[in-house]
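Just so you know, the protein sequences line up as chains D and R, in that order. Every letter in the first sequence is one number past the one before it in full-length UniProt numbering, and letter 127, counting from 1, is 127. Every letter in the second sequence is one number past the one before it in full-length UniProt numbering, and letter 162, counting from 1, is 162. Positions of the beta carbon are idealized from the N, C-alpha and C atoms, including for glycine. Heads up: the structure comes next, in structure tokens.
There are 2 protein chains.
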Amino acid sequence: MAKYKKRERQELLIEKVSTDPFLTDERLSEMFEVSIQTIRLDRLELNIPELRERIKHVAREETDKIRSLSLQEVVGEIIDIELNHHALSLFIVEEGHVFRKNQIARGHYLFAQANSLCVAVIDEPLALTKSAQIEFIKPAKLGDKVISKAVVEKMEGRIAAITVESKIEQRLVFKGRFEMYYTGEGEKNG
Amino acid sequence: MAKYKKRERQELLIEKVSTDPFLTDERLSEMFEVSIQTIRLDRLELNIPELRERIKHVAREETDKIRSLSLQEVVGEIIDIELNHHALSLFIVEEGHVFRKNQIARGHYLFAQANSLCVAVIDEPLALTKSAQIEFIKPAKLGDKVISKAVVEKMEGRIAAITVESKIEQRLVFKGRFEMYYTGEGEKNG
DNA sequence: CTGATGTTAGTACCAACTACTAAATGAGGT
DNA sequence: ACCTCATTTAGTAGTTGGTACTAACATCAG
């Protein structure tokens with residue numbers, strides 16, 4: 001028997017549609033070997049919108065993501081800043097940031113938070129990282145809220161020295177010392 | 001006169017549609033105060049597909065992006081590896097990786113390439129970054145192909161020392177020394 | 001005034017639906 | 001075997017946002 005019972009079919013339908021939102025009722029009716037009307041009834045019962053609405057939804061969602069991605073110029077959200085002095089940012093560890101195995105955040109995200117905070121705190125048109133000494137003291141896990149604080153120690157001869165400390169619930173998880181290279185507007189070299 | 005000439009209108013149309021792909025011909029015809037037919041003719045001449053096709057396109061494009069984002073587990077593509085000894089990876093600098101202003105790659109992408117290479121080269125179930133000293137010698141720019149080489153210097157007492165050098169066309173742009181913490185399977189501690 | 005260019009109007013048709021009515025088919029329970 | 005309720009299928013009318021096509025205006029330039 002190729003056909004499923006109502007319950008089974010509806011469960012599979014949810015799965016099918018959520019993995020591939022581009023399926024028409026016709027294609028679905030072929031897949032489950034039932035009539036189009038049955039599929040429509042199922043969608044009605046399950047509150048699954050029609051193809052076009054599903055696509056529209058995906059498209060909208062994703063255009064939003066693009067916006068937030070280009071905002072993600074800075075990793076983490078800056079919550080306090082006094083230019084050339086100090087800055088604070090918050091970074092929440094999400095699914096994309098962790099090793100699946102153990103839910104520990106990849107080191108380079110903590111680094112990225114610190115690094116982009118350093119770029120942000122310097123009030124000059126160009127600021128590039130020159131060097132860094134960093135330490136990962138404790139792993140950050142999925143869901144953790146990491147607060148990073150950057151303090152500019154000195155700025156001299158186009159080089160700024162910045163120390164960064166990142167904490168989760170007051171506990172130090174990361175620290176680093178960054179040297180940033182910066183220049184004013186007209187200036188440029190290699 | 002609220003109405004535009006054909007040329008102007010068509011240019012604006014392209015802009016409108018590309019910034020908001022969700023506009024129907026009807027809405028557009030209202031915006032430009034012309035008939036729907038005129039809009040349709042314009043789209044025909046400009047090869048702009050209809051609303052539904054535009055949305056579908058956006059949706060598809062973005063579902064692809066999600067896939068490639070989750071693939072971005074490792075930054076850069078590993079091109080050679082001998083576990084616990086050395087590894088090589090290639091990272092091509094793309095639009096998302098650079099400052100828009102000057103097309104220079106954000107430092108944390110170079111770091112991420114090096115860091116994930118260090119994670120990859122260690123043949124143990126768990127490998128976390130403990131510390132790093134890094135130097136950014138020359139900026140990497142949009143389109144650059146960065147080859148990163150990690151060499152394991154020693155592995156002792158759950159700590160591995162690894163040196164990384166990243167080059168663009170034989171020229172050193174980044175180097176670093178990483179300390180990685182690792183453990184075998186059953187083991188675990190905070 | 002005449003043509004070319006541009007703009008509108010209108011028709012037939014399409015995909016992928018919704019909303020609704022009605023008939024056919026099960027599958028169970030007694 | 002018969003009745004019943006759930007399920008499935010069929011079919012119609014109407015919707016949105018179009019394509020494709022024909023035909024009738026407008027407008028302006030030479």
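Tell me the rounded alpha-carbon separation between Ser68/D and Val75/D. Bear in mind that the predicted position of Ser68/D carries a pLDDT of just 43, short of 50, making it unreliable; the figure below should be weighed with that in mind. The straight-line gap from Cα to Cα measures roughly 11 Å.
Compare the C-beta of Thr129/R with all C-beta atoms of chain D and state if any pair is closer than 8 Å. yes
Would DSSP call Leu172/R helix, strand or coil? strand
For Arg54/R, which residues from the same chain have a beta carbon less than 6 Å from its beta carbon, with the 5 sequence-adjacent residues on both sides left out? Pro21
Can you tell me whether His85/R is buried or exposed, with buried defined as 16 or more other CB within 10 angstroms of its CB? exposed
Residues, ordered as in the chain, of the segment 27–51 of chain D that lie near chain R by beta-carbon distance below 8 Å: none
Under the rule that 16 or more other beta-carbon atoms within 10 Å means buried, what is Ile134/R, buried or exposed? buried
Check whether Val93/R and Leu142/R have beta carbons under 8 Å apart: yes
Coil, strand or helix - Glu50/R by DSSP: coil
So, helix, strand or coil for Lys16/D, using DSSP? helix
Excluding the 5 residues preceding and the 5 following Val34/D in the sequence, name in chain order all residues of the same chain whose CB lies nearer than 8 Å to its CB. Lys3, Arg9
Is the beta carbon of Asn115/R closer than 8 Å to that of Thr176/D? For the record, residue 176/D in the displayed sequence is Gly; it is not Thr. Result no, Cβ atoms of Gly176/D and Asn115/R do not sit closer than 8 Å.
Assuming contact is defined by CB atoms lying nearer than 8 Å, are Ser131/D and Phe136/R in contact in what I supplied? yes
Could one say the Cβ of His97/R lies closer than 8 Å to chain D's Cβ atoms, at least one of them? no
Could you tell me whether the Cβ of Gln170/D comes closer than 8 Å to any Cβ of chain R? no
Minimum C-alpha distance to Gly157/R - residue among Val164/R, Tyr182/R, Leu88/R: Tyr182/R
Residues near Ile39/D by beta carbon distance below 6 Å, same chain, minus five either side: Asp25, Leu28, Ser29
Alpha carbon of Met180/R to alpha carbon of Cys118/D, nearest angstrom: 24 Å
For Pro139/D, which residues of its own chain have a beta-carbon under 6 Å away from its beta-carbon, when the five flanking residues on both sides are left out? Ile104
What do you get for Val151/D, buried or exposed, if any count of 16 or more other CB atoms within 10 angstroms of its CB means buried? exposed
Enumerated in chain order, which unbroken segments of the alpha helix (DSSP H) with a length of 4 residues or greater are wholly contained in the segment 72–131 of chain R? 107–121
8 Å Cβ cutoff, Gln103/R in contact with chain D: no
In chain D, what lies closer than 7 Å to Lys56/R by C-beta? Ile55
Host alpha helix (DSSP H) of Glu30/D (start-end): 25–32
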